[in-house]
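The structure appears below as structure tokens.
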Amino acid sequence: MLKLSRYVLYDILRNKIVIAYTLFLFLVSFSMFRMEENGSKALLSLLNIVLIVLPLVSLVFTTIHYYNSYEFIELMLSQPLSRTRIILSEYGAVCVSLLTAFWLGVGVPVLLFAPDATGFALLFTGSSLTVVFTSIAFLAAVRSKDKARGIGLALLLWFYFALIYDGLVLMILFAFSDYPMEKFTLLLSALNPIDLGRIFIMLKMDISALMGYTGALYKDFFGSGTGVAFTSGIMLLWAAVPLWLSVRSFRRKDM
Amino acid sequence: MKHIPTILALLLFLQTGATTIIAGPGRPVSTLRKAIELARDNDSIRLQAGIYKEGSLTISRSITLIGDNNPVLDGESKYEILLVSGKNIRIIGITFRNSGYSAMNDFASIKLVDCSNIILERNTVWHAYFAIHVSNSIQVTIRGNKITGIPASEQLTGNGIHLWKSSGALIEQNRVEGHRDGIYFEFVTGSVIRGNHSEKNIRYGLHFMFSNDDKYTNNTFRNNGAGVAVMYSKKVWMEQNHFEENWGASAYGILLKDITDSHILKNSFYKNTVGIHMEGSSRIEIDQNQFRNNGWAIKVQASCDDNIFHHNNFTSNSFDVGTNGTMVLNQFENNYWDKYEGYDMNKDGIGDIPYHPVSMYSVIIEQNPTTLMLFRSFMVSLLDKAEKAIPSLTPENLIDNKPMMKKHNL
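One line per chain: the protein sequences are G and C, in this order. Using our numbering, you'd call the opening residue of the first sequence number 215 and step up by one each time. Using our numbering, you'd call the opening residue of the second sequence number 6 and step up by one each time.
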């Protein structure tokens with residue numbers, strides 16, 4: 215499995231997109247830290263990169279990579295290898311390359327310029343989102359045979375998680391504003407990894423704005439050990455469940 | 006003019022030939038009670054080091070009480086330690102500890118009633134109900150005292166420095182910690198509070214009501230339960246104070262309620278949930294302040310009018326300005342806002358397009374606090390951008406027409 219992953223990694227490195235992505239992240243993070251006079255404002259801009267660009271790149275890159283290595287996968291399938299191992303090593307290689315890109319591109323500048331609680335929360339969220347959206351992309355790609363459909367689906371998912379979901383939440387919160395919705399928002403945040411990651415960072419970044427009942431609730435919940443465990447657990451679920459579904463679907467698939 | 010009483014006192018002193026009584030364990034005058042009985046006007050008592058458990062003492066003659074090497078007056082958690090009622094009295098360098106608690110009376114470590122021209126200097130008060138309690142007095146100076154309480158509930162804890170119906174007070178260089186209100190003023194006029202440090206009090210760092218013509222400079226109020234509250238007063242001058250780390254659902258750097266004709270300048274507000282919260286306040290000039298890392302830098306309720314905010318710096322606040330209505334009768338001018346995205350074609354340092362300090366999301370969150378969940382999301386920033394282009398929910402008139410391009414050098 216490791217050997218297979220290594221071949222896939224070489225392949226990914228050869229097409230240089232991941233290198234370009236690393237450079238892009240690095241330049242953006244570095245210039246933000248150099249341009250803004252205070253680190254917290256730079257982190258704020260980076261937050262948007264992490265919450266928007268990272269999922270998008272993870273989704274698109276993963277789906278395209280899957281379709282491009284379709285023939286390689288077919289070749290591997292003709293070998294005495296289990297389907298689970300093939301798909302998992304594909305997943306592992308993509309994940310590792312994207313994570314490395316994130317850590318070199320964003321992690322190094324953050325550790326250099328803002329190695330505080332907010333910075334670490336950002337790195338945690340970024341890594342989790344990379345892993346989560348890679349596995350969501352795998353699900354989208356494995357499920358649809360048609361390339362255009364697969365990539366379209368990935369883009370739609372991105373739209374949903376990055377934008378539409380928040381709109382829906384806003385609608386729900388206003389429609390039911392007469393009811394106590396505070397605890398319900400905890401559930402709502404668990405249903406979208408981007409929101410969950412954002413709230414996790416927000417608790418470190420905007421601690422003084424977190425007033426009122428909702429803020430206190432978030433602070434008590436996410437600020438405690440349970441909250442960290444909850445966030446990590448939910449992120450893990452978001453990574454594991456789509457991956458498991460895609461493995462299952464891949465095993466039964468008629469190539 | 007202020008020195009005339011002092012000079013007169015000095016003349017009197019020369020005339021009568023004052024004596025100094027040395028009191029302490031092993032001396033002819035072994036108790037403070039005895040010393041106070043012996044002392045005539047203009048005498049001094051030098052209290053030697055030791056622990057004195059003498060119940061409640063009263064000083065009513067014009068004497069100077071000086072502690073040598075930090076003598077301790079212990080109230081044994083039962084008594085009000087020292088009651089002062091008279092004129093020209095000085096109390097210097099004494100430690101008061103364990104004064105009593107009473108639900109009926111405001112027991113204090115040092116209580117001043119109907120006094121004039123009193124100086125309390127370099128005393129230490131530890132574990133008191135009220136530490137220094139002043140009522141109906143004029144010309145009281147409280148300087149360099151260190152007051153530390155052990156906070157219980159709001160009912161069981163008194164104020165650090167409490168003044169009621171007084172005038173001409175000077176409260177200077179004191180440190181107050183762990184009381185209900187650090188410094189409390191009610192019906193106190195023409196007084197100055199400067200260079201004090203009020204920290205970790207369970208309610209307000211500074212609380213004043215119905216106190217006109219007072220001046221607050223160079224104080225630090227940090228991490229108090231609800232920050233600083235200033236209510237129902239006129240002509241208040243607040244300069245170069247620091248308001249820091251007042252966090253909580255109803256914690257404010259300063260809460261201004263029904264304040265008029267006042268001036269707030271050169272203060273710094275750092276990491277408060279709300280920097281300044283204004284309600285029913287008019288004709289206040291707020292300039293050259295720094296607002297950094299606050300939840301809301303300013304919350305102006307629609308009940309405020311004729312206030313002017315100019316030449317302030319707003320940096321790294323989660324929200325710059327919040328309000329609860331669309332009516333705006335206040336003016337914003339020449340402030341620096343780090344969220345400003347405009348340009349400056351003629352290079353005069355002033356942005357060419359106005360800045361709207363109230364973001365759409367701060368209006369939304371005011372209406373529906375649960376939407377905090379969407380804070381900093383892409384959706385919200387899109388909404389904010391759209392709202393900036395075509396204002397519909399946010400008050401149109403709440404704008405800074407001359408936002409600065411560069412931070413003011415404060």
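For each residue, glycine too, the CB sits at the ideal point set by N, CA and C. The structure presented is a predicted model; accordingly, all values stated were derived computationally and were not measured.
- Query: Under 9 Å Cβ-Cβ, which residues of chain C neighbour residue 254 of chain G?
  - Reply: 298, 321
- Message: Against chain G, with Cβ distances strictly below 8 Å, would residue 273 of chain C count as a contact?
- Response: no
- So the beta strand (DSSP E) residue 131 of chain C belongs to, where does it begin and stop? 129-131
- Query: Using a Cβ-Cβ distance under 8 Å, would residue 356 of chain G count as near chain C?
  - Reply: no
- Take residue 252 of chain C and list the residues in its own chain whose beta-carbon comes closer than 6 Å to its own, dropping the five residues that flank it on each side. 278
- Task: Specify the secondary structure class of residue 466 of chain G as computed by DSSP and reduced to three states.
- Result: helix
- Task: With DSSP as the reference, label residue 335 of chain C as helix, strand or coil.
- Result: strand
- What residue does the alpha helix (DSSP H) around residue 281 of chain G start on, and which one ends it? 268-282
- Query: If contact means a Cβ-Cβ distance below 7 Å, which residues of the segment 369-393 of chain G contact chain C?
  - Reply: 376, 377, 380, 381, 383, 384, 387, 388, 391
- Item | Same chain only: Cβ atoms within 7 Å of residue 183 of chain C, ignoring 5 sequence neighbours per side | 153, 154, 155, 156, 205, 206
- Message: Using C-beta distances below 7 Å, list every residue in its chain close to residue 331 of chain C, excluding the 5 sequence neighbours before and after it, in chain order.
- Response: 400
- How about residue 285 of chain G: is its C-beta nearer than 8 Å to some C-beta of chain C? no
- Query: If you follow the alpha helix (DSSP H) that residue 236 of chain G is part of, which residue opens it and which one closes it?
  - Reply: 231-249
- Task: Could you check what DSSP says for residue 514 of chain G in three-state terms: helix, strand or coil?
- Result: Outside the displayed span of chain G (215 to 469) sits residue 514 of chain G, for which this structure offers no information.
- To which residues of the same chain is residue 338 of chain C closer than 6 Å at the C-beta, ignoring the five residues directly before and after it? 315, 407
- Query: Helix, strand or coil: which one does DSSP assign to residue 453 of chain G?
  - Reply: helix
- Length of the line joining the Cα atoms of residue 335 of chain C and residue 362 of chain C: 13 Å
- Message: Taking the alpha-carbon of residue 33 of chain C as reference, which of C:45, C:48, C:46, C:52 has the nearest alpha-carbon?
- Response: C:52
- Task: Kindly indicate the opening and closing residues of the beta strand (DSSP E) around residue 261 of chain C.
- Result: 257-270
- Query: What residue range is occupied by the uninterrupted beta strand (DSSP E) comprising residue 327 of chain C?
  - Reply: 324-328
- Outcome for residue 452 of chain G when other beta-carbon atoms lying within 10 angstroms are tallied against a minimum of 16: buried
- Query: Taking just the CA atoms, how far does residue 357 of chain G sit from residue 293 of chain G?
  - Reply: 23 Å
- Sub-8 Å separation of residue 78 of chain C and residue 64 of chain C beta-carbons: no
- Message: In the DSSP output, what is residue 88 of chain C paired with across the bridge?
- Response: C:63, C:116
- Which residue spans inside the segment 340-375 of chain G form an unbroken alpha helix (DSSP H) run of at least 4? 361-373
- Query: Quick one: what's got a C-beta closer than 8 Å to residue 25 of chain C's C-beta in the same chain, skipping five residues either side?
  - Reply: 48, 49, 50, 51
- Determine the chain G residues that contact residue 381 of chain C at a beta-carbon separation under 7 Å, and present them in chain order. 261, 412, 416
- Item | Which residues DSSP lists as bridging residue 70 of chain C, in chain order | C:50, C:96
- Whole-angstrom distance between residue 169 of chain C and residue 122 of chain C, CA atom to CA atom: 16 Å
- Query: Taking just the CA atoms, how far does residue 172 of chain C sit from residue 119 of chain C?
  - Reply: 12 Å
- Message: Please state the DSSP three-state secondary structure of residue 246 of chain C.
- Response: coil
- Task: Tell me, to the nearest whole angstrom, how far the beta carbon of residue 232 of chain C is from that of residue 260 of chain C; I am working on the premise that it is less than 8 Å.
- Result: 7 Å
- Query: If you pair each beta-carbon of the segment 239-251 of chain G with each one of the segment 217-229 of chain G, do three or more pairs fall below 8 Å?
  - Reply: no
- Item | Unbroken beta strand (DSSP E) run spanning residue 27 of chain C, endpoints | 25-28
- Run down chain C in chain order and give the residues with a C-beta less than 8 Å from the C-beta of residue 344 of chain G. Simply none; closest approach about 17 Å.
- Between the C-alpha atoms of residue 306 of chain C and residue 383 of chain C, what's the straight-line distance to the nearest angstrom? 28 Å
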